[in-house]
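Please read the structure below before turning to the comments.
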Amino acid sequence: MKKVTLLSLVAILMALMLAACGSGTAAKDNAAAPNTGTKETAKSDSALDKIKADGKMVIGTEGTYAPFTYHDKSGELTGFDVEIAREVAKRLGVEAEFVEAPWDSLLAGIDAGRFNAVFNEVSIRDDRKEKYDFSDPYISSGAVLIVREDNTDIKSLADLKGKKSAQSLTSNLADIAKQNGAEIVPIEGFNQAIGLLNSSRVDATINDNLSFLDLKKQKPDIALKVVAEADDASQSGGVFAKNQPELIEAVNKALADMHEDGTYATISEKYFGEDVSK
Numbered sequence: 029m030k031k032v033t034l035l036s037l038v039a040i041l042m043a044l045m046l047a048a049c050g051s052g053t054a055a056k057d058n059a060a061a062p063n064t065g066t067k068e069t070a071k072s073d074s075a076l077d078k079i080k081a082d083g084k085m086v087i088g089t090e091g092t093y094a095p096f097t098y099h100d101k102s103g104e105l106t107g108f109d110v111e112i113a114r115e116v117a118k119r120l121g122v123e124a125e126f127v128e129a130p131w132d133s134l135l136a137g138i139d140a141g142r143f144n145a146v147f148n149e150v151s152i153r154d155d156r157k158e159k160y161d162f163s164d165p166y167i168s169s170g171a172v173l174i175v176r177e178d179n180t181d182i183k184s185l186a187d188l189k190g191k192k193s194a195q196s197l198t199s200n201l202a203d204i205a206k207q208n209g210a211e212i213v214p215i216e217g218f219n220q221a222i223g224l225l226n227s228s229r230v231d232a233t234i235n236d237n238l239s240f241l242d243l244k245k246q247k248p249d250i251a252l253k254v255v256a257e258a259d260d261a262s263q264s265g266g267v268f269a270k271n272q273p274e275l276i277e278a279v280n281k282a283l284a285d286m287h288e289d290g291t292y293a294t295i296s297e298k299y300f301g302e303d304v305s306k
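In terms of the numbering used here, the sequence shown is residues 29 to 306.
What follows is the structure, given as structure tokens:
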């Protein structure tokens, strides 16, 4: 009787041990399954996928830089860069949602994840390419030195030495002014620079030639003039966070298709009367 009882106890203990091992293995298998699924999901969930899932591309822009990004008489955000960005988003199958911010905080908005992109006449430069990715260029323009019409002291970039020049601090235009010895007066955008210059609070501003031409078209009596041009024209593109190849590829395809089907030419001629991508 004792032998039978002992054998029974041994059998019961062995059954419990096998059940425990089976449960542990199952638990490990069950715990591993979600991790595998998460990795697969993260791998396929690119920036482009997220934009399409959200149904919108969030775009940073100034809204104060005519004719590229500004508000028309009705208060609606418009401009060359705005229309290009809106058309790109449309071709990605999503809506364009614009968030306005001062120039000096636009790239920081990408760093903070506030924007999917910035379309705001951002020049494609090597130092910026180290931190951000750019689309193909969508516009080319030169920089000009603007002064008041009664100014006879400033006739070239070299004459900026010791003069006050209104510039956005992080722009390539500010770099040109600094290289020529100007004292930089920080501003948030083109309109503020023109306001300071027109009211004699600064001596000059280096700014985009296309912006100045648009200003003269809108305000032909404004007493400002161009006295010099920078040597090289700059090209601008859409700005994106690094390592988003699918998104960059899709944006570049949209831009290429816009050139091919004439949409780009229509937008360009509306604001400038010519193709400004060259």
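Just so you know, even glycine gets a beta-carbon here, dropped at the ideal spot from N, CA and C.
**Rounded separation between D242 and Y166 - CA only** = One C-alpha to the other measures close to 18 Å.
**Asked** Under the three-state reduction of DSSP, which class applies to I295: helix, strand or coil?
**Response** Three-state DSSP puts I295 in a helix.
**Request:** Pull up the DSSP beta-bridge partners for T106, would you.
**Result:** Answer is Y98, bridged to T106.
**Prompt:** Which of the three DSSP states, helix, strand or coil, is assigned to F268?
**Reply:** F268: strand per DSSP, three-state reduction.
**Prompt:** Which runs of the beta strand (DSSP E), 3 residues or longer, sit entirely within the segment 86–172?
**Reply:** Counting whole runs of 3 or more residues, the segment 86–172 contains the beta strand (DSSP E) stretches 123–128, 160–162, 167–169.
**Item:** Inter-residue spacing [alpha-carbon to alpha-carbon] between Q272 and I87
**Value:** Rounded to the nearest angstrom, the two C-alpha atoms are 16 Å apart.
**Request:** Please list, in chain order, all residues of the same chain as Y98 whose beta carbon is under 7 Å from its beta carbon, the five residues on each side excluded.
**Result:** So the qualifying residues of the chain are G91, T92, T106, G107.
**Asked** Which residues in the same chain have their Cβ closer than 6 Å to the Cβ of S270, if we skip the five residues on either side of it in sequence?
**Response** Checking the sequence shown, residue 270 turns out to be Lys, not Ser. Counting only Cβ-Cβ distances below 6 Å, and skipping sequence neighbours, we find D161.
**Asked** Count the other CB atoms within 10 Å of the CB of T180; is the residue buried (16 or more) or exposed (fewer)?
**Response** Taking every protein chain shown into account, the CB of T180 has fewer than 16 other CB atoms within 10 angstroms, so this residue is exposed.
**Prompt:** Could you give the C-beta distance for S193 and A232, rounded to a whole number, given that I count them as a contact under 8 Å?
**Reply:** Here S193 really is in contact with A232; their C-beta atoms are around 5 Å apart, less than 8 Å.
**Euclidean distance between Cα positions of I295 and V304** = So the alpha carbons of these two residues sit roughly 10 Å apart.
**Request:** May I have the straight-line CA-CA distance separating A221 from Q195, to the nearest angstrom?
**Result:** Each residue's alpha carbon lies about 7 Å from the other.
**Item:** Cβ-Cβ distance between T279 and L173 below 9 Å
**Value:** The residue asked about is misnamed: residue 279 is Val in this sequence, not Thr. No, Cβ-Cβ distance for V279 and L173 is not below 9 Å.
**Asked** Does DSSP put D203 in a helix, in a strand, or in coil?
**Response** DSSP places D203 in helix when its eight states are reduced to three.
**Request:** Please state whether DSSP places N237 in a helix, a strand or coil.
**Result:** N237 carries a helical assignment under DSSP once its states are collapsed to helix, strand and coil.
**Prompt:** Ends of the alpha helix (DSSP H) at I222?
**Reply:** Counting along the chain, the unbroken alpha helix (DSSP H) around I222 starts and ends at 218–226.
**Item:** Where E177 sits in the DSSP three-state scheme
**Value:** In the structure shown, E177 adopts coil according to DSSP, grouped into three states.
**Message:** Tell me the rounded alpha-carbon separation between D259 and I204.
**Reply:** Going by the C-alpha atoms only, they are around 10 Å apart.
**Message:** Using only the alpha-carbon positions, how far apart do E302 and L238 sit?
**Reply:** So the alpha carbons of these two residues sit roughly 11 Å apart.
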